[in-house]
Structures are given as structure tokens and as C-alpha cells.
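Colleague:
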Amino acid sequence: MNRALLFSRTTDYRHESIGHAVASLTQILGDLGVPTDHTENPAVFTPDGLSRYTLMVWVSTSGNVLDGPQREAFAQWLADGASWAGVHSASFTEPGWPEFESICGAVFTDHPDIQTATVHVTDGAHPSTADLPEQWEHEDEWYNFRSRPLPDRTVLLTVDEGTYDGGSMGQDHPVAWYGPYGRGRTWYTSLGHSAHTYDHPVMRAHLSGAMRSLLH
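Numbering (the numbering used here), first residue to last: 59 to 274.
Structure, rendered in C-alpha cells:
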């Protein structure tokens, strides 16, 4: 039986939208029949603690949030066949742990001021994009990443750098993707800075589809 853990610990910048994001994801997962727990306590990151969950969502986490044994337990849990999703500043988490890039797919470097830009769907077959328009205007923090997502990741959404200032990744600037980690599944979106974003039908369809794709 599926059970999800929403994890939102921060040791660096903390987004004011976290509370609303957690509530929205709890509702989305509830609509899918999935019970959820929410914590900011990393003590759950043990083999026994994680064994209760099939899915974990890092909701705008930031900074170093796990210690060495907790990192090891998390990576093993995921590699053994669980599912992980990262939302927004999840890519700005665990900078002291090189393995996290293999989980998240890419790591945050910086972002310009919040702006409206044009988002394009690059893979409309995935559940997290199947119900989205081919392109739309969206206001957010447009994250730049240290590199493009790892080769085993499939990019789902890109942002058009010609429609805002401060992009540094070129014409096909990725903002959402998915891929494997061992026998596990991962999904990441950089969208989600502001609380009101989680009330938008497009964002809710994006997140709902992602959750469906990660359930067992």
C-alpha cells in the first residue's frame, strides 16, 4: 500500500510557501487515495523509518538537512525501488553530499528576480505534463543549474530564456525532469516559489500527474 512522506526541513533559505505547498500536496495525494505524513525531523531517515513509505516528496527543502547515516538510509531506500519527488528548492538541498545530484538530476546555482516567462512542454506523454498546455505564461523564480540534467533524465518542461532576464542555460533551459535512481524513480520540478502557484490548475495538474507516475 502506498504511503507518502512530505519532508520540508530547511537549514538555508526558507520559502514562505512551504505550508501551503504541503497542504496542497496532501490534498492531491489524498485525492489519489494516498495517506501522507509531514515532517521536518530527519530522525525518520532510518531503514525502519523509511520502510513505511513508498513515496517521498521534498517540498522546498534547503541546505544540509541529513547527516551521514541518514543520507545512506535515504539513498538505499530509493535505490531499492521507492520513489522521490523534489519541488522547487529541493535542488538547493544537500550541497555537502555529492550523491544528491544523482538523485535530483541537477543542482541549483542561482536565480534572477521573480519574473513571468514562457514555459514549454517537451514531453507531453508523461502524466505530469499530459494535461498541461503546450506552452503557457508562468511567474516564478527561474532556477539556473550547475549543468543540464544527467543523461538518464528526461526533460519534461523548459523555459524560454528569451522571455525573461537572467537565464544562463541557453535555448533549452530545463525546469522539470524525471529519471531512475537504481530501481527507484525520481521526478523534479523547479516551479513553486510562491504560495499562489499551488492553487493554479496547471501547477496542480503538473503535481498530480507526477504523484501518479511515482505511485506503486
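The beta-carbon is built from N, C-alpha and C at its ideal position, and this holds for glycine as well.
Given the structure is predicted, the values throughout are model-derived calculations rather than measurements.
Run the CB neighbour count on A140, radius 10 Å, all protein chains shown included, and call it buried at 16 or more, exposed below.
Modeller: Counted from its first residue, the sequence shown places residue 140 at position 82. Buried: at least 16 other Cβ atoms inside 10 Å.
Colleague: If you drop the 5 nearest sequence neighbours on each side, which residues of the same chain put their C-beta closer than 6 Å to that of D95?
Modeller: Translated into the one-based positions of the sequence shown, residue 95 becomes position 37. L63, listed in sequence order.
Colleague: Based on Cα-Cα distance, which residue from L215, I76, S120 and F103 lies nearest to A253?
Modeller: On the sequence shown, residue 253 is found 195 positions in, with the first residue counted as 1. Here the closest residue by C-alpha is I76.
Colleague: Tell me which residue opens and which closes the alpha helix (DSSP H) that Q134 is part of.
Modeller: Residue numbering aside, residue 134 sits at position 76 when the sequence shown is read from its first letter. Looking at the DSSP string, the run of the alpha helix (DSSP H) that includes Q134 is G126 to A137.
Colleague: Using a Cβ-Cβ cut-off of 6 Å (strictly less than) and excluding sequence neighbours within five positions of D70, which residues of its own chain qualify?
Modeller: Counting from one through the sequence shown, the residue named residue 70 turns up at place 12. Only S120 and G121 meet the Cβ criterion.
Colleague: Using alpha carbons as the reference points, say which of L90, A81 and P127 lies closest to F103.
Modeller: Along the sequence shown, one-based indexing puts residue 103 at 45. Per the Cα distances, P127.
Colleague: Spatial neighbours of V179 within its chain, please: C-beta separation below 8 Å, excluding the five flanking residues on both sides.
Modeller: Position 121 of the sequence shown, counted from the start, is the residue given in the question as residue 179. Taken in chain order, the residues that qualify are T187, L190, P191, E192, Q193, L214 and L215.
Colleague: Using the C-alpha atoms, what's the distance from V233 back to S149?
Modeller: Here residue 149 corresponds to residue number 91 of the sequence shown, with the count starting at 1. Here residue 233 corresponds to residue number 175 of the sequence shown, with the count starting at 1. Approximately 11 Å, taken between the alpha carbons.
Colleague: Identify whether L87 lies in helix, strand or coil by the three-state DSSP scheme.
Modeller: Here residue 87 refers to the residue found at position 29 when the sequence shown is read from its first residue. Helix at L87.
Colleague: Could you check whether V145 and A175 sit closer than 8 Å to each other, using their CB atoms as the reference points?
Modeller: On the sequence shown, position 117 is the one that residue 175 refers to. On the sequence shown, position 87 is the one that residue 145 refers to. Cβ atoms of A175 and V145: not closer than 8 Å.
Colleague: Could you tell me whether the Cβ atoms of R204 and W235 are closer together than 8 Å?
Modeller: Taking the first residue of the sequence shown as position 1, residue 204 is located at position 146. Taking the first residue of the sequence shown as position 1, residue 235 is located at position 177. No, they are not a contact pair.
Colleague: How would you label I161, buried or exposed, when you count the other beta carbons within 10 angstroms and need 16 or more for buried?
Modeller: Translated into positions along the sequence shown, residue 161 becomes position 103. It counts as buried.
Colleague: Please determine, among R206, P156 and Y256, the residue with the shortest C-alpha to C-alpha distance to Q229.
Modeller: Position 171 of the sequence shown, counted from the first residue, corresponds to residue 229. Its Cα nearest to that of Q229, the residue R206 stands out among R206, P156 and Y256.
Colleague: Kindly indicate the opening and closing residues of the alpha helix (DSSP H) around P259.
Modeller: The residue given as residue 259 occupies position 201 in the sequence shown. Here the alpha helix (DSSP H) through P259 covers P259 to L272.
Colleague: Based on the DSSP output, what are the partners of D189 in its beta bridges?
Modeller: Counting from one through the sequence shown, the residue named residue 189 turns up at place 131. Answer by DSSP bridge pairing: none, since D189 is not bridged.
Colleague: Decide if R129 is buried, meaning its Cβ has at least 16 other Cβ atoms within 10 Å, or exposed.
Modeller: In the sequence shown, counting from the first residue as 1, residue 129 sits at position 71. The residue is buried, with at least 16 neighbouring Cβ atoms inside 10 Å.
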